[in-house]
Each structure stands twice: as structure tokens, then as C-alpha cells.
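Chains as they are written, first to last, in the numbering used here: chain A, 244 to 848; chain B, 244 to 848. Even for Gly, the Cβ is constructed at its ideal location relative to N, Cα and C. The structure appears below as C-alpha cells.
Encoded structure:
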């Protein structure tokens, strides 16, 4: 029985009363965070759908929910009996939300949403497409969820902690100076930083509001003279208060930013006539308030362009974090070996979840471990072919034999954040499995051993990884790499390695980017091999400045799945050097039995 | 003695009289052609400089000439004794023309040029940078060369000929239908086609106005009902006149377009309220006339987006043109072998120019040969390191021994146009020469054997060619490939293969693009290996539609310069298959002696 019908109906009643024709509810927070905290999950409250990507569009008589391929089956189940129509994003014939609205909204129709949940770039896309001189349509910023969800728990900041200098590597003062000396900042009088990772990085603070991300709900306003942090004041302990005082950071209540930005006096007293925003992370309500009072300048986040270039402390600490993470994952790999190589067929009780927990234990054993950097993907056999698979109690299956276990996981340590994928053979490999594994490895190595002229974009570099698979008529439908935050979101821009990227962002020295090609065969298995690559300087000569990669990740590839005859000389020597390096770095932290095994599985081939 | 001083002075007098402060003279025609006809070489008339790239900026007391690295030495010689200051484009500290004007023009200053010689995109860049609300500067469209150069010969169209259907492959009617059904055309009432190759292609006509390009000076105006060709009417013979009549093409005098576009009645009687232009090929005078009367829409050339996808007749004919060209170049290669392998040291009289002439003779021997598609680059030893080197009587040197002869050349045939570079070893190769040759070959093959998903741009594909050289800390400072016109300009857009391209143009089925990586060592030698690649369809599967290349060029690589141990298995089998294919296609047209030799130099390695 579908128990949410009343809530959808109530929503429809409210919008009718208010004269709204279409109301849009995205699964988002006020900062366009990749994963918002539970407080913001209005969609689950209204419809029962619990996936992590969704937008609900409510009309007076109908309602529509957009989600992506990961959640089609789940959404069908959770929406069963509902009047909410599922819109399968990306399938042929399924319109995008804007296309849908444009073809359904009549003249004079009113579209509304809570402007805090819609970022400026989406808002602009809506208004450019939907509004014309002649159609008299309207877009309003109204929060109607407040009325609908009376017992909604107030959101509270879950505590904030200081990342000491020895971990942050750069003082707040220097970071703010860098922001203020950015060309885009100079054209303005102030910048609003809405992205939670950007705020945390700038202030050398971390929080606990979003699982796996170490951020806290806040806004930061930096003027030429002041730094104002909008945050839940009750969450600040004395240590943090003193720290903020010492750093000359003014503190105001989280919601106060809306009042401040409505107030002409606030702008005048702070000499603000032009404010710089980032249209991706700034919400429409904030944007509207500023536009009413002063000039708005738009540019991509200044902080993200600074923080993607890691400082020397972050880099050397991250190397250490990868030793710790490498030890944990290597021990896990040995655990798999012990558990499955010696058992009688099918005799183990291990499942996807039990193994994810086991890996968690190994990470817990590392000093300075703060938690996973994202929910572990532990995917056995055919589950591995579902790119975003994450085992739940409902889907968990036992590990049997002769297939691949794909484990994509990562940790936050005080020294830095990791993200690694290894695909482990359990049992025996078919020749196709070996071929596929070797192709993914070749693709990984092809990018990892690149040497390239300064200015080369991640988009171009992706050719090196894809080309290996394309030659065989194969491909994978995700990016090859993403930037990695420092004890922040494991997905960080602007750097990425993706042929489909709309931007040509050069990969430059001191960026950390993942290298994670894969192959996925529905109903069979998935293979993904992911290392993190630090971009470093190579030779400079008359042709320009060359860059290359240092591999940070320290876990062996599965030597039993590699067809050596498919590797060329360069690939073979790259692999042998990598394995020797892994052994050197990891073996000191293993017990004798583990070390002997590691020597064996990192042997020259 | 510098004999042009008076002309520069006279120009300065004229601009002073007219109240002009800076007068810009580009080396261009009214269509922004890559190479204008001699009529337009005002710079040579005024300054004596004879290079193919130059812009002259004349101030009241000074004059400045911009040219690129190819011409620095030549310009210094030709401008010796002149008051014209040489501006070495691209060198550090040398401003661009716009930068120069912006920092030198005072308030109220007047910049002028003949608007017919400046395209719209350059004009817009000038006005955006130089004019502001406050500086009161002005830009005027004035031709003052008319007064200066009284005995300038009138330009005349040098004849027009019809490219028969069996060579053009598509009727004018169909081409015009395609243009009219283009989305950008539909937004307008007419399009002005200024690019000479675009006009020639659309009308299946060719001309003789620009050396090596087969175009004729003209404009084409296509409305929803009419096709109007503006051309020197005297140049049309009865056959062409009949043809134009049959195709319903109205003919008006070349210069009449300026009068028509000044005339409100002309627009009204043709129902033109919006005109589409391409800002690259349309000149500023035309643009200004239209802007005064109707709305202007801008979009990249519709014709170029159609003509870059070759039709089936063009493709199969081009294959035949490459057999002819392959026979000529292969015979030339055998001539080199005979001449230099058997001689006593240094006993031949051959020079760069004599060999270019020899190659011309071999092409002349092919049926349907119309002429070179560009001036042959025949560059011995250190001359090969000068990327745009073209031998002149002054620079010509004798071919001695133990170095490379780089020959970049091409022909127009009734069946199509070719562009090929081979680098021939004369004498013995050092191990560095063999290594460098093999690297360039690997780079060429890496692109040639690519298989890639539909949507992949030439910019991305360039990674495959560059990566091979970058791994060794080497590079070349030109694009890897350009589109090739069909009995038109050998350089044709929009397709190109270049990591430095500002555009992400996908390489799609039926495009022809060159693959020409190189290595250049100043004072030593240059190596470039160029084939033309036709993009064709490969498999389609769940990942998408794959594309690959068919190599059109049919001339062996120099087997004596290849270090087989540097080739991987794929490269070796690619090369062997290519050589076997070349032998199959070319040997039937050789004499016995040549065929025996070809068999030997295309043997498996």
C-alpha cells in the first residue's frame, strides 16, 4: 500500500490555493551539495522515493518524478500505487524537466520552487527557456514545504572542528589573501562562498553535517576588509570560537545571510556595490536578494580554482594517507586470498556487505582514520556491472566463485582523502575475464604513464585511457577521473578527466585526479581499476613545460588476471615498477605472512 | 637602396590630409582568402615586402609591419633602409596589432582601413577593444590605396569552368536545397556566401583567379527564391552562361553587390529582412551596408559544414586521384633511389628546386592533372627544419648526402585534390635519424589506426599523435591535420586535428583530414610524414557508433629509416598491411624496373 498519497494531494492543494501551476522540488540543499543532509529530503517525505538523485514536479492534478538509470527499478517499487509518474531520465522520448515544463506550461502559467534549492545556473536555464515576451508565464520563489511538513525537525549544525596547520598546510590568512588577489574578486567588492567544501577549506575547519564529506552548513562572505561566517552559532565550542576570533572571522547566524542581503544598510556599511557569486553553488533566493540591491558578477568558484592545486603539506600528507589506505586495502586483499583460495567450494559465509565491513575494520586499524570518504561499493559478479551499485540488506549476495568482486572505496585520514577501486578475482578466471581485466589495466596505465605539455586538458588526456578500449569496440559510460578533495568531498572540481566534459580544464602540477577506467558486462561482471594520480613537473625544453603523473595509490593489481602477452614493453615495465614500489611502501606495515604473500603477488612479470 | 620610401611617405600624407591617425592594410582580399591574388598585394607595392603574411599599420610619422617567424629574415632584408618598423609576431614583448593600437591610440584618434579587406570578426575585435564610451576614438572604412596606386591594374576574372556532374557528384539544385534547409538559413531570409571556395563548391564551378586554389572572385546571395552570383560577367563564356541560366542562377557584376546592399528597394523586392553571414569570410563593408538596412544574423559558414562531408562520387574519385598521385610520388621516390644510391658521392646536380620540378613532371604525366594544390616544399637537410620552407632561387641548395629531403606537395586532379609529405633519406642515416623517423612514423600510425566513438573531436584525436612524441619530450609546433578541399583549397575547415584548436569539431564519417606529425631539429633536418585519412564507419554497439580511418595516400614510407624494434606488434602489422596495399594499388602503373623496386621497399618487416 502506497502511504504517501495524502502528501502528494496536500501539496497539490497548496499549490492550487496559491495559484501555482507547477512546483519543482529538487533533492538538494541550499548549497547545491552533491549529497544533501537528510533534512533536505523532501522528496522522500512527500513520495517515499529514497534514491539519491531525484526531482519532483507537482502539477495541480499530476506529479512527475525524474531519476536516473540507477534508480528506475527502486523508484517503480517505491512509487507503486502512487499517482506520481516516473520519468526515466536519459531514456529516449523522456523529456528533460525544462523540456517538459516548456511543452506543458500554458500562457500565464506559474512555475514555483523554493529558490534556496535551485542554483542560479538552473534558474537562468529555466527562465531563458520558459519565459518569453509573449507567453506571460511566471516563475516564483515560494517555500510551501514548510506548511506541508509541520513536524520537520529543525536542522542543526553537528559540530565543527579545526584542521590544524600541520594538516591544512596553509593559514586562513594566506588563503583569504589569495582569494582577494584573484582577478575576479578584484572586479568586485565581496564574494559569497556558498559551496560547503569551499567554506571549510578556506577556514581550515571541518564538520559533520553531511555523511562522508566533513562539511558544515554555512556561508562565507568575504569583503575587502571583513570575513563573515554565517553558521549555526550554537554548534561552535569555545575552541572554535577562539579560533574564529583569532582569525578575525565575524560570526553571524546561518539564516541571517538572507536578512543581511535584504538590507540596503548592510551593503552600504560594508562598502559592497558589486558581489561576486558562483552560479553553481549559489542559490536563487540569495541571488535575487543581491540583484535587488547591488550588481552581481558571476565567475566559477575562486576557491575551487585555488584548492584544486594542493599545497606541499597536503601533498606529502596525502602520500602518507595513501600508505595507510594501501596497507588497509592490501590487508583486505590478503584476507580475500586467505578466505577464498583455501576454502572448499562455496564454503565461505562472506557477502558483499560483510566484506565491506571487513575492509572498514582494516581502515579502522589505521591511525588518524576519520571515516569512509563515500559508501563502499562492494559488488559481486553481475552487481559489478551496475556502475553505482552499493549493497543494501535487500540486494546483498553471497560471494561464491569464479567471478570478480569490484570494491570501490576510500577513507578520510587526518593526512588526506583516498579513493581506490580494485577488482578481485575470486576462484578461477575465464580467458574473457583475463582479457577484460588486462584491457582495463592497459587503459589505466596508458593514462598513468602519460607525459604531456602544460596546457593539456583532462578532456584530451582521456583519449589515452579510452583509446585502448575503443580499439576493441569497448567503452565505459562514466568519466575516467575526478579531482579529490582534501578531507572534503571525494569528488572535487574543476579538474576531471573526461572526453565528455563540457570544459577544457588543463591538468596542472599539484592537482590530484583519479584514473578509473572500467568495463561492465550486464549479467556477468564489472571491472574497474582506480588509482589516484598527482600531477608533477617533468622536463622543460624548447617545446614547452612537460608534466607527468605520480601514482599515489599503493595496492597491487591482481597479477592472476593479467595476460602478460597483451602488455607491451612499456606497460610491463610500468607495472613491474609500480608493484615493486607498492611492496617497498606497504610491506613494512604488514605481518610476516602478509609480507611474504605481497612479495609473491608483486613479483616481476 | 630602399626604393619604396616615397610610397610610405605618400601614404602618410594621405592619411594626414584625411584626418586619419592609424591606417591598417592587411595582406588580404575581399573574401579573407588564405592566399589573395596579386592584385591585393598592396603591402608589396607600398613597402617592397613580398612575404605571404603581413599587416601594415601606418601612422602619420611612423609605419609598422607585422609578419611571422617564417619571414623575419626576409623582411629585414626587404625593408632595409626603410622607415617601416618590423614587428616580429609571436616574439615575447611584441604586441599584437590590437594591443599596439590600443596602447598607442589617444583619445579622439581615428583608425581607418579599407573595410573590404577586414573581415567582420576582426572588425568586431577592433571595435570591442579600441572603442569605449569615454575615449571618443573612431574607426572609419576608407580606401586610400586607390589614390596612391594610380597604375594599379584592374582585377579581372581569369575564366570559369564547369565541374561536370561526374566529378562534382551532386547537383547545384540539391546543394542549394541543403543550404536552404539548414537551421541557420531558416532563421533568415537570405545568406551571403563570401568564401570563394564555398561559392565554387555550391555552383560546381571552378576558376583560375588564385594560384593553386581553382576559385574565381565572386559573391553568392541565396534567398528563399533566388540565387544571385556577383561575378565579372566578361569572364563567362557561352557554355558557362548557358549553364548558369539552366541552373536558374542570376548573374550580376562583381561590384554590384555593394550597390545592391545599399539599396532599400533591393531588400524589399527580394523579401529580405534578415541576412545570414559568416563573420570570417564576410568583409566589414558588406556587413556595414547590411546593418544599415536589415537585421544581420551570424553563424559559421553553412556551406563549409556541408562540403566537409564529401559525397560518394567525391570520395570514390578522390581514391582514384590518390592512385594517380601515389604513382607520381612513387616514381619520384624511385628516381631519388636511382639518382642517389648509385652515384659517386656528391656527383648529382640535383637541388631542391630541380627535384620539385622533377616531381612536377611525374604529376604532369598523370591524366586529369590540373596543377599543384600548393607550392611544393622541397627541403634538404637543415631547410627541412624550417616548417614552411619553400625553395627560391636564392635559398636553393644542392642535395648532397646523409640527410633527409622533406617533400610536402600535392596535386589537383579532375578526380580530387591530394596533399602528401614524405621524408626521403639520401645517403646513410645516423641512429638518431632512424629513431626520429621511426617516432614520427609511430605518431602518424597512432592516429591513422584510431577507432573512436562518434562525437570525438579532432582536438581529442590529436592526443594519439602527440602522445608518442611527448613521451620522449618532443613535439611539433603545428597542427597534426587539416581538412582537404575537393579541387579547391588544400586547407579546408572546419575539420582539423589539433590539440591547440579553439574548437571541438567532431571528426565524422566522410570527412577527409590529413595526418602529418613531424619533428624538426634546427640546423639539422626536419621529418614530416603526411597521409590523408578518410573517416569511415566502423561497428555500432551498445557503447555507440564507432568510426575509423581509411588511408587514402598511397606512397611507401622509407623502410631504410625504420627501427623495427621501436614498433609494437600493432604498428608493425599496420605498416606491413599499408605497404602491401600500396604495392597492390600502385605497381600496375609502374614499369617493370620500378615495380621490382617497389616490391622490395614495401616488403614485410
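Taking buried to mean at least 16 other C-beta atoms within 10 Å of its own C-beta, is residue i buried or exposed?
{"i": "residue 807/B", "result": "exposed"}
{"i": "residue 337/B", "result": "exposed"}
{"i": "residue 507/A", "result": "exposed"}
{"i": "residue 827/B", "result": "exposed"}
{"i": "residue 283/B", "result": "buried"}
{"i": "residue 452/A", "result": "buried"}
{"i": "residue 839/B", "result": "exposed"}
{"i": "residue 823/A", "result": "exposed"}
{"i": "residue 269/B", "result": "buried"}
{"i": "residue 634/A", "result": "buried"}
{"i": "residue 260/A", "result": "exposed"}
{"i": "residue 324/A", "result": "exposed"}
{"i": "residue 671/A", "result": "exposed"}
{"i": "residue 417/A", "result": "exposed"}
{"i": "residue 771/B", "result": "buried"}
{"i": "residue 637/B", "result": "exposed"}
{"i": "residue 662/A", "result": "buried"}
{"i": "residue 397/B", "result": "exposed"}
So if DSSP puts residue i in a beta bridge, which residue, or which two residues, is it bridged to?
{"i": "residue 381/B", "result": "353/B"}
{"i": "residue 738/A", "result": "Partner(s): none; residue 738/A has no beta bridge."}
{"i": "residue 780/A", "result": "790/A"}
{"i": "residue 854/B", "result": "Residue numbering for chain B in the displayed model covers 244 to 848; residue 854/B lies beyond these limits and cannot be assessed."}
{"i": "residue 651/A", "result": "620/A, 664/A"}
{"i": "residue 699/B", "result": "BP columns for residue 699/B are empty, so no partner."}
{"i": "residue 462/B", "result": "473/B"}
{"i": "residue 362/B", "result": "526/B"}
Please confirm if residue i has its CB atom under 8 Å from at least one CB of chain A.
{"i": "residue 784/B", "result": "yes"}
{"i": "residue 795/B", "result": "no"}
{"i": "residue 704/B", "result": "yes"}
{"i": "residue 789/B", "result": "yes"}
{"i": "residue 411/B", "result": "no"}
Residue i touches chain B at which residues, Cβ-Cβ below 8 Å?
{"i": "residue 360/A", "result": "Near residue 360/A there are no residues of chain B at all, since even the closest Cβ is about 33 Å away, more than 8 Å."}
Starting from the beta carbon of residue i, find every residue of chain B whose beta carbon is closer than 9 Å, and list them in chain order.
{"i": "residue 699/A", "result": "706, 709, 713, 742"}
Relative to the ligand ATP, is the shortest distance from any of its heavy atoms to the C-beta of residue i smaller than 7 Å?
{"i": "residue 516/B", "result": "Here there are no bound small molecules, and the ligand ATP is not part of this structure."}
Can a CB atom of chain B be found closer than 8 Å to the CB of residue i?
{"i": "residue 694/A", "result": "yes"}
Against chain A, which members of the region 710-721 of chain B pass a CB distance test of less than 9 Å? 710, 712, 713, 714, 715, 716, 717, 718, 719, 720
Residues of the region 723-746 of chain A whose Cβ lies closer than 9 Å to any Cβ of chain B, in chain order: 742, 743
Chain B contacts from the region 323-338 of chain A (Cβ-Cβ distance under 7 Å): none
Taking Cβ-Cβ distances below 7 Å as the criterion, which residues of the region 798-819 of chain A are in contact with chain B? 811
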